[in-house]
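Here's the structure we're looking at; comments come further down.
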Amino acid sequence: MTQIHWSHKGELLLQKRRNTPKELTDSIPQYISSDMPQQHADFFAGLSYLPLATLDQQGRPWVSLLVTRSDHDPTVGIKVLGGNTTDVIAQTNPYDPFARALQQVPASAGEARLFAGVGVDFSNRRRNKIAGSIADASVDETGKVQLRLLSDQHLGNCPKYITVRNLAPTRRQAQLSYDSFEGNASVLSAEAKAVVDRASTVFLATKHTAQGNTNGTQSDMGVNHRGGAPGFTRIYEETDGDAVTTYLVLPDHSGNRFYQSLGNIETDPQVGLVFPDFATGDVFYVTGEAENLLDDDAEALMPRTGLLTRVKVTGALLIKAALNLELTSGEQLSPYNPPVKLLRRELEQMGRVPSDDAEAISATLVSTQALSDNIKTFNFKLSTPISALLPGGFGIFDFSGLLDRGYSHMNEANPQLVNEDFVRTWTLSSTPRIDPNTKTFRSSDHVSITVKRKPGGLMSNVLHDNADQFIANNLPVAFKGTGAGFTCFSGGSDDMPLTLPPKMLWIAGGVGVTPFMAMWDGILELAKANPDQVSTDIVLLFAGRDDDINVLRHFGSQYGTLPDHVTLRIVALQSVSGSASIARTTRDGLRDTISDSVLKIEERRMGIDDIRSVAGLSEREVFMCGPDGLMNRSETMLTELDVEETRRHRETFVF
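The numbering used here puts the first residue of the sequence shown at 81, with every later residue one more than the last.
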């Protein structure tokens with residue numbers, strides 16, 4: 081009789097919590113076939129590698145990436161025999177926890193040993209799931225595995241989040257670097273953490289134990305692919321005296337809404353993961369106890385995340401050169417990958433956690449100013465004033481109430497929309513006024529952001545293209561809070577007056593100049609309120625394309641009103657990618673606006689001599705904001721010039 085694979089209570093729980101339509105829940109059994117379709121048989125027979133999982137003697141899942149093709153051993157391969165029987169002969173290594181688990185007595189003596197796998201063809205993002213029991217297994221001293229699999233679950237999967245790469249068989253000499261297969265995992269090595277940080281491909285093994293089979297479900301396992309941009313799996317540690325516990329955090333990316341893997345975790349927390357490094361051949365294996373966190377609980381651990389899985393690591397192995405596959409191409413990340421999200425504790429360390437406002441605040445666009453063809457300042461009025469924020473801070477705008485159109489499984493025209501939350505964090509380019517009595521920044525109900533139109537970018541284009549409609553129709557967006565972390569100011573409370581570094585170097589690229597716009601206005605405000613107490617010397621190195629350098633007009637408009645002890649010198653490096661005449665006209669216009677004693681413009685890239693020539697460089701606090709490429713080059717140049725790391729302050733765009 082054909083087995084009907086009804087969703088079990090864990091899957092049903094998550095489907096309900098995540099609003100899976102009832103018609104989809106009812107139809108899920110139709111997608112899972114007890115008999116292997118012929119196209120799946122052909123697919124598996126052609127695979128060169130196969131992620132498979134089983135349980136060890138303690139009932140813990142371990143998953144491995146087995147190599148099923150060899151240029152040196154013709155016996156290696158996958159043969160589908162029919163009748164849902166598949167023979168697998170694969171290469172691994174003697175340290176592989178999957179191979180070691182096969183050599184143990186099963187956790188449930190007398191019962192069939194469970195297995196699950198997911199075949200993936202990385203060259204075309206095709207994948208199919210398979211599960212059932214192992215009829216026979218053997219492992220030799222080299223780690224070569226022979227299996228007879230009896231499958232009873234087959235399911236095709238979508239290609240989202242799979243990294244495209246070409247792999248070829250090779251021979252490596254495996255070396256055991258870390259092993260807690262038999263005992264509890266301790267502090268993970270930096271090498272193991274680095275494998276996780278680099279991974280865009282992870283395989284997750286879960287299990288479900290049926291209780292009474294009341295709804296026709298059966299005990300089984302599952303293996304699923306998890307993918308994302310490198311770094312999408314986060315790591316953190318908790319200490320209790322000398323004991324250290326390691327956690328892995330995997331945010332849930334929008335999928336088919338079956339919630340098979342996460343549903344299994346709701347009924348049994350034990351999971352296994354494998355992180356292959358295809359560039360080095362290193363493999364990091366993990367087993368642990370997982371829990372799903374939803375809504376506020378997820379948000380508390382990882383902001384802007386509604387569902388995630390946290391795994392407490394209980395066992396782990398790092399095996400160097402474990403994978404007998406070599407990368408023969410570049411890697412093409414999936415266009416569906418959402419941006420990497422950081423843990424709240426990581427954001428706190430960076431000063432990037434937003435304030436929690438007690439009441440909902442809305443922001444309504446009231447005006448704009450064009451600074452260049454692609455850069456505009458957008459001015460918003462808030463429904464409620466916000467507390468004073470040191471210049472250089474950020475605001476969080478939520479457009480989901482206007483733009484969110486609900487769930488979509490695939491979107492080939494715009495893949496990023498599948499995981500889009502329509503929330504953006506922008507540096508506030510405006511500065512609140514100074515209270516002349518307290519000499520601190522006042523609360524304000526107006527904020528401004530300066531945004532560059534990004535080719536292919538969603539929200540930057542929404543703003544630039546629809547600003548007139550936002551203004552004409554008074555369309556409010558949710559303002560989710562503010563935060564500071566990148567500013568040249570310190571103090572600002574009743575017992576700590578506002579202060580500035582006596583000497584600064586600002587390095588900015590493109591729209592990365594926005595926090596410096598706010599800082600400069602804040603310096604002007606402070607200088608007006610304390611003309612005899614403000615003293616600072618600033619050099620701004622700015623790299624911009626074409627007419628984007630027009631943003632520098634912001635710094636020249638009030639230069640003549642400065643007290644003698646505040647100085648600003650600007651070196652602008654313009655790169656030209658469009659019209660040479662427009663670029664030249666832009667330079668000439670800036671020279672007419674800003675004095676030659678303040679502004680120097682050249683058509684070239686920024687180099688180390690630009691930084692070296694800054695007077696008193698070793699005495700300056702350095703603030704940097706811009707594209708990663710420019711910031712990384714700047715860091716390298718500052719290191720070469722022996723500028724202390726404690727004097728470097730770098731803005732990031734991660735929240």
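For each residue, glycine too, the CB sits at the ideal point set by N, CA and C.
Indicate the three-state DSSP secondary structure (helix, strand or coil) for residue i in the structure shown.
{"i": "Asn459", "result": "strand"}
{"i": "Phe474", "result": "strand"}
{"i": "Asp515", "result": "coil"}
{"i": "His120", "result": "helix"}
{"i": "Tyr175", "result": "coil"}
{"i": "Ala372", "result": "Looking at the sequence shown, residue 372 is not Ala but Asn. In this structure, Asn372 counts as strand in the three-state DSSP scheme."}
{"i": "Leu718", "result": "helix"}
{"i": "Asn293", "result": "Low per-residue confidence applies at Asn293: pLDDT is 49, beneath 50, and the placement is therefore not dependable enough to give any value."}
{"i": "Val393", "result": "strand"}
{"i": "Glu318", "result": "strand"}
{"i": "Phe195", "result": "strand"}
{"i": "Lys560", "result": "strand"}
{"i": "Met81", "result": "Low confidence applies here, because Met81 scores a pLDDT of 41, under 50, leaving its location unreliable and the question unanswered by this model."}
{"i": "Asn499", "result": "helix"}
{"i": "Leu93", "result": "helix"}
{"i": "Thr100", "result": "coil"}
{"i": "Ser341", "result": "helix"}
{"i": "Thr616", "result": "strand"}
{"i": "Ser524", "result": "strand"}
{"i": "Asp232", "result": "strand"}
{"i": "Asp300", "result": "strand"}
{"i": "Trp142", "result": "strand"}
{"i": "Trp86", "result": "coil"}
{"i": "Leu365", "result": "The sequence given here places Tyr at residue 365; Leu does not occur at that position. DSSP places Tyr365 in strand when its eight states are reduced to three."}
{"i": "Val593", "result": "helix"}
Can the beta-carbon of residue i be found closer than 8 angstroms to that of residue j?
{"i": "Ile210", "j": "Gly223", "result": "no"}
{"i": "Leu353", "j": "Val324", "result": "no"}
{"i": "Leu483", "j": "Phe460", "result": "no"}
{"i": "Leu405", "j": "Ala248", "result": "yes"}
{"i": "Asp176", "j": "Ser144", "result": "yes"}
{"i": "Thr448", "j": "Ala309", "result": "no"}
{"i": "Arg97", "j": "Arg337", "result": "no"}
{"i": "Pro349", "j": "Glu317", "result": "no"}
{"i": "Val219", "j": "Gln183", "result": "yes"}
{"i": "Ile455", "j": "Lys532", "result": "yes"}
{"i": "Asp197", "j": "Pro131", "result": "Rather than Asp, the amino acid found at residue 197 in this sequence is Gly. In contact: Gly197 and Pro131 (Cβ atoms closer than 8 angstroms)."}
{"i": "Leu642", "j": "Ala607", "result": "yes"}
{"i": "Gly572", "j": "Thr520", "result": "yes"}
{"i": "Leu229", "j": "Val168", "result": "yes"}
{"i": "Val702", "j": "Arg685", "result": "no"}
{"i": "Leu555", "j": "Ile529", "result": "no"}
If you follow the alpha helix (DSSP H) that residue i is in, where does it begin and where does it stop?
{"i": "Leu256", "result": "Segment 255–259 is the beta strand (DSSP E) holding Leu256; no alpha helix (DSSP H) there."}
{"i": "Ser269", "result": "Premise fails: Ser269 is in no alpha helix (DSSP H) and is neither H nor E."}
{"i": "Gly486", "result": "Taken as a continuous stretch (DSSP letters only), Gly486 belongs to no alpha helix (DSSP H), as it is neither H nor E."}
{"i": "Asp348", "result": "Note, Asp348: premise wrong, no alpha helix (DSSP H); not H, not E."}
{"i": "Arg633", "result": "633–636"}
For residue i, collect the residues of the same chain with a Cβ closer than 8 angstroms to its Cβ; drop the 5 residues on either side in sequence, then sort them by chain order.
{"i": "Thr688", "result": "Position check: residue 688 holds Ile in this sequence, whereas Thr was assumed. Taken in chain order, the residues that qualify are Met717, Glu720, Leu721."}
{"i": "Ser523", "result": "Pro465, Ile466, Ser467, Ala468, Pro512"}
In chain order, what residues of the same chain have a beta carbon less than 6 angstroms from the beta carbon of residue i, not counting five sequence neighbours either side?
{"i": "Val363", "result": "Pro356, Ile399, Ala402, Leu403"}
{"i": "Gly431", "result": "Gly565"}
{"i": "Glu715", "result": "none"}
{"i": "Asn293", "result": "Residue confidence for Asn293 is low, a pLDDT of 49 falling below 50, so the modelled location carries little weight; the figure read from the coordinates is stated next. Cβ within range, chain order: n/a, list empty."}
{"i": "Trp600", "result": "Phe635"}
{"i": "Pro707", "result": "Gly589"}
{"i": "Thr464", "result": "Ile441"}
{"i": "Phe178", "result": "Trp142, Ser144"}
{"i": "Ala443", "result": "Phe460, Leu462, Val557, Phe559"}
Would you mind reading off the limits of the beta strand (DSSP E) that contains residue i?
{"i": "Glu701", "result": "701–705"}
{"i": "His544", "result": "Unbroken run through His544 is the alpha helix (DSSP H), 538–552; no beta strand (DSSP E)."}
{"i": "Asp216", "result": "206–219"}
Short of 7 angstroms in beta carbon distance, which residues of its chain neighbour residue i, apart from the five on each side in sequence? Order them along the chain.
{"i": "Ser203", "result": "Val244, Asn246"}
{"i": "Ser213", "result": "Ala192, Arg193, Leu194, Phe195, Leu230"}
{"i": "Arg180", "result": "Phe261"}
{"i": "Ser452", "result": "Asp627, Asp628, Asn630, Val631"}
{"i": "Pro471", "result": "Thr511, Thr567, Phe569, Ala598, Met599, Asp601, Gly602"}
### Message
Below 8 angstroms, how does it come out for the region 321–335 and the region 366–384: are there three or more Cβ pairs, yes or no?
### Response
Contact holds: three or more Cβ-Cβ distances are below 8 angstroms.
### Message
Taking 8 angstroms as the cut-off, does the region 653–673 touch the region 692–702 (at least 3 CB pairs, one atom from each stretch)?
### Response
no
### Task
Would you check if there are 3 or more beta carbon pairs closer than 8 angstroms linking the region 534–542 to the region 407–423?
no
### Task
Examine the Cβ distances between the region 162–179 and the region 249–264 and report whether three or more of them are shorter than 8 angstroms.
yes
#### Entry: Three CB pairs or more closer than 8 angstroms across the region 574–585 and the region 616–632
A contact exists between the region 574–585 and the region 616–632.
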